[in-house]
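Those letters in the sequence shown? Residues 37 to 614, by the working numbering.
Note that CB positions come from ideal geometry on N, CA and C, so glycine has one too.
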Amino acid sequence: MFLPTTREEMQKLGWTQCDVILVTGDAYIDSPYVGVSVIGRVLMEAGFKTGIIAQPSIIAGKDSDIARLGEPKLFWGVSGGCVDSMVSNYTAVKKPRRSDDFTPGGENTKRPNRAVIAYSNLIKQQFKNTAPIVLGGLEASLRRMAHYDYWQDGIRKSILFDAKADYLIYGMGEKAVVEIAKATAKPGTALIEDIKGLCYIAKEKPERYIELPSFNDIIKDKLKFIESFKLFYNNNDAATAKGLAQKQDTRWLVQNPPEPVMTEAELDAVFELPYEYDAHPYYKSMGSIKALETVKFSITTHRGCFGECNFCAITSHQGRVVTSRSISSIVREGERLTKLPGFKGYIFDAGGPTANMFRMGCAKVKNGHCMNKRCIYPEVCENLEHDHAAEIEMLKKLSSIKGVKKVFIGSGIRYDMIMDDKKSGEKFLKELAVNHVSGQIKLAPEHSEPGVLSLMGKPGTASLKKFREQFFIISKENNLNQFLTYYIIAAHPGCTETDMGRLKQFINADLKAHPEQVQIFTPTPGTWSGVMYYTETDPFTGKHVFVEKSQGGKERQKAVIVPQSTGFGRGDGRKGGR
Numbered sequence: 037m038f039l040p041t042t043r044e045e046m047q048k049l050g051w052t053q054c055d056v057i058l059v060t061g062d063a064y065i066d067s068p069y070v071g072v073s074v075i076g077r078v079l080m081e082a083g084f085k086t087g088i089i090a091q092p093s094i095i096a097g098k099d100s101d102i103a104r105l106g107e108p109k110l111f112w113g114v115s116g117g118c119v120d121s122m123v124s125n126y127t128a129v130k131k132p133r134r135s136d137d138f139t140p141g142g143e144n145t146k147r148p149n150r151a152v153i154a155y156s157n158l159i160k161q162q163f164k165n166t167a168p169i170v171l172g173g174l175e176a177s178l179r180r181m182a183h184y185d186y187w188q189d190g191i192r193k194s195i196l197f198d199a200k201a202d203y204l205i206y207g208m209g210e211k212a213v214v215e216i217a218k219a220t221a222k223p224g225t226a227l228i229e230d231i232k233g234l235c236y237i238a239k240e241k242p243e244r245y246i247e248l249p250s251f252n253d254i255i256k257d258k259l260k261f262i263e264s265f266k267l268f269y270n271n272n273d274a275a276t277a278k279g280l281a282q283k284q285d286t287r288w289l290v291q292n293p294p295e296p297v298m299t300e301a302e303l304d305a306v307f308e309l310p311y312e313y314d315a316h317p318y319y320k321s322m323g324s325i326k327a328l329e330t331v332k333f334s335i336t337t338h339r340g341c342f343g344e345c346n347f348c349a350i351t352s353h354q355g356r357v358v359t360s361r362s363i364s365s366i367v368r369e370g371e372r373l374t375k376l377p378g379f380k381g382y383i384f385d386a387g388g389p390t391a392n393m394f395r396m397g398c399a400k401v402k403n404g405h406c407m408n409k410r411c412i413y414p415e416v417c418e419n420l421e422h423d424h425a426a427e428i429e430m431l432k433k434l435s436s437i438k439g440v441k442k443v444f445i446g447s448g449i450r451y452d453m454i455m456d457d458k459k460s461g462e463k464f465l466k467e468l469a470v471n472h473v474s475g476q477i478k479l480a481p482e483h484s485e486p487g488v489l490s491l492m493g494k495p496g497t498a499s500l501k502k503f504r505e506q507f508f509i510i511s512k513e514n515n516l517n518q519f520l521t522y523y524i525i526a527a528h529p530g531c532t533e534t535d536m537g538r539l540k541q542f543i544n545a546d547l548k549a550h551p552e553q554v555q556i557f558t559p560t561p562g563t564w565s566g567v568m569y570y571t572e573t574d575p576f577t578g579k580h581v582f583v584e585k586s587q588g589g590k591e592r593q594k595a596v597i598v599p600q601s602t603g604f605g606r607g608d609g610r611k612g613g614r
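Next comes the structure, spelled out in structure tokens:
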């Protein structure tokens with residue numbers, strides 16, 4: 037059963053009113069890969085009547101999409117969807133995107149710019165003095181503090197201020213959203229402002245909360261912006277984070293510490309809710325939804341990433357701590373997939389933000405991280421438990437399910453961790469190459485030049501070359517005609533056309549490849565690279581950094597690798613999960 041998205045479906049359930057109505061910029065795909073569907077299922081499991089309105093027209097009126105379920109009893113939940121709406125709607129050189137994988141028919145006409153703000157305004161236009169509006173999802177999460185906005189080319193206030201909403205849930209949000217529902221269902225039993233994983237607006241700064249440089253300070257002084265982001269970034273870990281407060285006009289944006297990291301049992305429970313693994317018929321009838329092709333027969337095995345690439349927003353959203361599901365839960369989901377219509381024996385992906393971080397983490401700091409040290413940069417930390425044995429076991433058990441012909445790994449992998457794993461790295465590489473490659477593996481070296489890689493927070497090329505050599509040896513030994521493809525980023529802070537020329541030489545001479553996928557870097561909120569782009573400063577050393585800001589210069593950098601580039605590269609910050 038899908039969550040209701042029409043009045044008729046509500047009536048069939050015997051509902052006269054929803055407790056919560058979720059609004060999203062994506063078509064409604066009921067899948068554990070889709071954040072709004074997960075939140076809806078979690079609320080339903082907790083006993084709250086929850087409906088979904090997907091991609092509503094932003095025109096208010098009597099027959100408006102936003103009005104078709106009426107008003108919720110407890111609150112509205114508003115999300116831009118699985119991708120930030122500005123990233124979804126524009127390329128890295130600010131040209132409109134022609135397609136949207138999360139829209140029926142694929143045409144990019146349904147998701148408004150700054151969707152979270154647009155939907156919040158739409159609700160307030162349609163309903164006066166309505167239930168509270170709670171923001172969530174990736175767009176809200178990454179824009180929860182004052183942040184640099186590439187499309188405006190300036191600092192914007194928290195999206196909570198711009199949307200004039202009541203609350204904002206950041207991160208994955210399953211625990212926080214249920215707590216808000218309980219608190220609003222029985223006023224006086226709990227104080228919403230005490231909920232972890234929540235942002236709200238206050239007249240005063242809470243005691244003992246860390247004060248960030250104010251909005252007025254950071255728009256005047258780029259070094260203050262760096263200071264603000266550092267405090268924000270270092271307080272994303274549930275085990276150590278403090279509450280934060282930032283003055284924006286005469287009021288304060290207050291960020292409570294993150295919600296606790298889910299246990300294995302809690303994560304299992306979320307992924308074993310009764311998803312339909314399909315698009316709702318209301319939206320499916322409007323046209324095919326490309327994203328469904330990818331997620332329908334794929335499995336999330338874990339969440340979080342300790343890779344900390346400077347251009348990636350996962351740390352600011354999912355966090356650095358990797359939380360994994362039990363192998364038995366993953367196998368049960370695999371068994372469910374075999375019973376779905378259209379299943380042909382192939383699981384397209386078993387992974388997470390980084391596929392080969394399953395069951396990995398720090399041996400000393402449980403559910404947390406070191407404040408001034410990274411797990412795998414500039415090299416793999418001696419305290420990191422990165423034995424691939426558990427992942428090998430999980431993949432073998434998934435592959436042995438009756439009806440499964442092949443389990444592929446479609447998510448990105450960290451080849452440097454495989455090469456550094458003295459216990460099971462060699463076994464994992466062989467298992468991967470022989471049994472889990474769909475013709476090619478996608479690797480993301482991003483660049484080759486040490487100065488650029490350092491600013492990206494990425495390792496050098498030695499482990500890449502070693503991985504490449506071993507992969508082709510194994511493939512040849514097993515008579516497999518397989519390939520490696522490489523993701524490359526152009527115009528990252530610190531990168532010049534000369535650097536791109538050297539990168540091309542490396543690709544040709546060492547990788548013997550001709551990459552077709554070169555991304556032009558997009559500065560997105562919640563990333564160190566976005567900070568570098570805006571400030572033209574290395575935030576870790578304080579030194580000046582060259583930043584290519586002209587659109588022509590960016591396209592020329594890309595064209596060094598891919599001649600006659602159109603500029604429609606997808607350096608779009610789409611990493612980041614739900």
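Residue j beta carbon less than 8 Å from that of residue i
{"i": "PRO108", "j": "ILE169", "result": "no"}
{"i": "CYS398", "j": "GLY493", "result": "no"}
{"i": "ILE383", "j": "LEU434", "result": "yes"}
{"i": "LEU171", "j": "ASP120", "result": "no"}
{"i": "PHE347", "j": "THR563", "result": "yes"}
{"i": "VAL567", "j": "PHE265", "result": "yes"}
{"i": "ALA301", "j": "THR337", "result": "no"}
{"i": "GLY61", "j": "SER115", "result": "yes"}
{"i": "VAL306", "j": "GLU210", "result": "yes"}
{"i": "LYS590", "j": "ALA527", "result": "yes"}
{"i": "SER352", "j": "ASN292", "result": "no"}
{"i": "TRP288", "j": "GLU240", "result": "yes"}
{"i": "VAL35", "j": "ILE428", "result": "Outside the shown range of the chain (37 to 614) lies residue 35, about which nothing can therefore be said."}
DSSP bridge partner residues for residue i (one or two, in chain order)
{"i": "ALA315", "result": "ILE65"}
{"i": "ALA90", "result": "THR60"}
{"i": "ILE102", "result": "BP columns for ILE102 are empty, so no partner."}
{"i": "SER334", "result": "ASP385"}
{"i": "LEU520", "result": "ILE477"}
{"i": "ILE191", "result": "TYR184"}
Buried/exposed call for residue i, threshold 16 Cβ in 10 Å
{"i": "ILE363", "result": "buried"}
{"i": "ASN515", "result": "exposed"}
{"i": "MET407", "result": "exposed"}
{"i": "ILE525", "result": "buried"}
{"i": "ILE597", "result": "buried"}
{"i": "GLY207", "result": "buried"}
{"i": "PRO414", "result": "exposed"}
{"i": "LEU465", "result": "buried"}
{"i": "MET37", "result": "exposed"}
{"i": "PRO575", "result": "buried"}
{"i": "SER321", "result": "exposed"}
{"i": "PHE333", "result": "buried"}
{"i": "SER499", "result": "buried"}
{"i": "LYS146", "result": "buried"}
{"i": "GLU247", "result": "exposed"}
Residues near residue i by beta carbon distance below 8 Å, same chain, minus five either side
{"i": "PHE251", "result": "ALA182, ILE191, LYS193, GLN282, LYS283, GLN284, ASP285"}
{"i": "GLN47", "result": "none"}
{"i": "ARG244", "result": "LYS278, GLY279"}
{"i": "ARG43", "result": "ARG104, LEU105, GLY106"}
Contacts around residue i, its chain only, beta-carbon distance under 7 Å, and the 5 residues preceding and following it disregarded
{"i": "LYS326", "result": "ASP137, GLY142"}
{"i": "LYS441", "result": "GLY381, TYR382"}
{"i": "GLY343", "result": "THR390, ILE412, ARG450"}
{"i": "ASP242", "result": "Note on residue identity: the sequence assigns Pro, not Asp, to residue 242. Closer than 7 Å at the Cβ level, and outside the excluded window around PRO242, lie GLY279, ALA281, VAL290."}
{"i": "GLU229", "result": "TYR236"}
{"i": "ALA480", "result": "GLY448, TYR523"}
{"i": "GLU572", "result": "HIS580, VAL581, VAL583"}
{"i": "ASP423", "result": "ASP457, LYS459, SER460"}
{"i": "GLU533", "result": "ARG592, GLN593, VAL596"}
Cβ-heavy atom distance, residue i to the ligand MG, below 7 Å
{"i": "THR497", "result": "The ligand MG is not among the ligands present in this structure, which contains no ligands whatsoever."}
Cutoff 6 Å; reference residue i; Cβ partners in own chain excluding five residues on either side
{"i": "SER474", "result": "PHE444"}
{"i": "PHE507", "result": "ALA469"}
{"i": "LEU491", "result": "PRO529, GLY530"}
{"i": "TYR570", "result": "TYR184"}
{"i": "ASN419", "result": "CYS398, ALA399, LYS400"}
Interface flag, residue i vs chain C, CB-CB below 8 Å
{"i": "PHE379", "result": "Among the chains in the structure shown there is no chain C, since it carries only a single protein chain."}
Query - Cβ contact (3+ pairs, closer than 8 Å) linking the stretch 467 to 486 and the stretch 539 to 559 - result: For the pair of segments examined, the stretch 467 to 486 was found to touch the stretch 539 to 559: the number of CB pairs separated by less than 8 Å reaches three.
**Report entry** Inter-stretch contact (C-beta, 8 Å, three-pair minimum) for the stretch 123 to 131 and the stretch 80 to 90
**Finding:** The stretch 123 to 131 is not in contact with the stretch 80 to 90.
Query raised in the report: Does the stretch 92 to 108 come close enough to the stretch 148 to 158 to have 3 or more Cβ pairs within less than 8 Å?
Result: The way I'd put it, the stretch 92 to 108 does touch the stretch 148 to 158; three or more beta-carbon pairs between them come closer than 8 Å.
Query raised in the report: Would you call the stretch 306 to 313 and the stretch 65 to 84 touching, i.e. three or more CB-CB distances under 8 Å?
Result: Short answer: they touch.
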